[in-house]
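Here's the structure we're looking at; comments come further down.
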Amino acid sequence: MLGVNSYFHDASVCLIRDGEIVAALEEERWYRDDKHTTVFPLRSLRYALEAAADSGLKIDHLGVNMSPVRCFGDAAGPGGALAGYTRRHHKNFKHLRKATQQTNREVRRALRRFGYPADYTFHEVAHHEAHAASTFFVSPFDEAAILTVDGNGEWATTSTFVGKGNQVERLGRVGLPHTLGGVYGSITEYLGFKRNNDEFKVMGLSSYGDPERFKEQIAKLIWPTEDGFFQVDPAYFNIGPFDFRPGERLVELFGQPTRERESELLDFHKDVAAALQARTEEVGVHMARHLQQQTGLKKICMAGGVALNCVMNTRILTDTDFEDIYIQPASYDAGGSLGACYWIYNQILGQPRGPVMDRANFGPSFEDEEIESILKEGLLRYRKTDDIALEAAKLIAEGKIVGWFQGRAEFGPRA
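According to the working numbering, the stretch in the sequence shown is residues 546 to 960, in order.
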């Protein structure tokens, strides 16, 4: 079972066999300067096939974590205004269709190139279903509520599910232009950071600010609703296909221009970040609390880019009636390849659950001989030590910074 996320940010590959992860890794780890790369993950695919260590390996199913038809299927659901939004942005469908078909072609070409058969069944797994599968089916819970929150998939930006055994059922959803991840990313850009990349910096910056100073302004952008979700005022943003950026009205709302990158961070920027983070936590807790009351369950699984907001996650665990939480380490789009695999394996094929994902090191490792060869090739100074742990401890005690390289590469942005 092969899952691939490509031609969208955080390109990745996951390979599972009999419900167990063989390899899961992000393409960016093979590059020095292409963070969150969107390229086809050829190097990761090659490694995953090699990691299977099976010359007779046959891929039975390929899954991608986007389903272009959902651009229309979801838009035909509740909310006439949202249906209009999707019709005006038909480019979404065209872009998704091109990306999924190209991924399918590239995988077939790569398998043949590497000497493997390419007669698998191809699946387009809806984005939020892939997110849900990526967290629930590898969790330690037999039954749990599921909350997925991100910028957007085909149309959906937030979805709720309930998972039991090897099946997941969707309960509700929110679609564009109402997006918590979109608002967070847009203000990340407004604060002078890179959208879809530096949101974690804004989360950290928020701890230095006053959340009350811009509380009223943030409340005009996004607010919780009685149905357990939220709404966004799109008038403050420039919205296009897979694009959610700060608009002129947002700049007017805060009274300061967009910060230039690398310029000084002022109290103003810290206070905006603090207000944004506080509102994000409020909306997250609101959704989780409603989901808990709706399902009556005590365990929750989360995924999507917003699920990387660990401060919000802590609030969900402490401020609701949920007693336990599970979030796999690549909960953002890189985990879509993982989710596509398990959606096919469990949800579609009805196979029993596999092992719990209790670690993240599913990528490549390197032997000392390989490392030494690279050091010599790069003309880098190095030496060997008889007690590396003791020497590292002494360096740390002296206030030095130590980089530690050991074992397989990890899956997810916090590696």
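We treat Cβ as the ideally placed atom computed from N, Cα and C, and that holds for glycine.
Around the Cβ of Thr930, a 10 Å sphere holds fewer than 16 other Cβ atoms; the residue is exposed. In this structure the segment 779-794 lies against the segment 722-742, because at least three pairs of beta carbons, one per stretch, are closer than 8 angstroms. For the set Thr703, Ala879 and Ala701, the Cα lying nearest the Cα of Phe956 is the one of Ala879. Looking at Asn550, Ala848 and Gly923, the one whose alpha-carbon comes closest to that of Glu573 is Asn550. The three-state reading of DSSP puts Met857 in helix, counting H, G and I together.
Closest in C-alpha terms to Asn637, from the list Arg658, Arg577 and Asp788, comes Asp788. Under the three-state reduction of DSSP, Lys945 is assigned to coil, being neither helix nor strand.
In this structure, the CA atom of His673 is about 9 angstroms from the CA atom of Met611. Contact between Gly884 and Ala675 holds, with the beta-carbon distance rounding to 3 angstroms and staying under 8 angstroms. Under the rule that a run must span 4 or more residues, the alpha helix (DSSP H) segments found entirely inside the segment 853-904 read 855-864 and 881-887. Note that the C-beta distance between Ala644 and Arg653 is not below 7 angstroms. Of the candidates Arg657, Arg615, Glu714 and Ser679, Ser679 places its Cα closest to the Cα of Val558. Less than 7 angstroms separates the beta-carbon of Met748 from that of Asn854. Your pair Thr865 and Ala833 checks out as a contact, with CB atoms roughly 5 angstroms apart and the cut at 8 angstroms. For Glu734, the CB contacts under 8 angstroms within the same chain, skipping 5 residues up- and downstream, are Arg740, Arg790, Pro791 and Thr803 in chain order. According to the DSSP assignment, His814 belongs to the alpha helix (DSSP H) that extends over Asp812 to Thr840. In the three-state reduction of the DSSP assignment, Glu807 falls in the coil class, being assigned neither a helical nor a strand state.
Looking at the backbone, the Cα of Glu757 and that of Ala905 are separated by about 38 angstroms. The beta carbon of Phe681 lies closer than 7 angstroms to those of Ala689, Ile691, Gly708, Val713 and Cys846 in the same chain, with the five residues before and after it left out.
Proximity to His831 across Gly548, Leu935, Asp772 and His640 peaks at Asp772, based on C-alpha coordinates.
Residues of the same chain with a CB within less than 7 angstroms of the CB of Arg588, apart from the 5 flanking positions on each side, are Glu572 and Trp575 in chain order. Between Pro786 and Glu699, the beta carbon gap of about 11 angstroms keeps them out of contact (Cβ cut-off 8 angstroms). The secondary-structure analysis by DSSP pairs Leu570 across a beta bridge with Val558.
Look at Asp931 here: in three-state DSSP terms it is coil, with no helix or strand label. By the Cβ-count criterion, Ile933 is exposed, with fewer than 16 other Cβ atoms from all chains shown falling within 10 Å of its own Cβ. In the three-state scheme derived from DSSP, where H, G and I count as helix and E and B as strand, Leu602 is classed as coil. Residue environment analysis places Asp605 among the exposed positions, since fewer than 16 neighbouring C-beta atoms fall within 10 angstroms of its C-beta. The three-state secondary structure of Leu590, taken from DSSP, is helix. Per DSSP, Asp913 lies in no beta strand (DSSP E) segment; the continuous alpha helix (DSSP H) that holds it begins and ends at Asp913 to Glu922. Judged by DSSP in its simplified three-state form, Trp700 adopts coil rather than helix or strand.
Under the DSSP definition of a beta bridge, Val609 partners with Val549 and Glu669.
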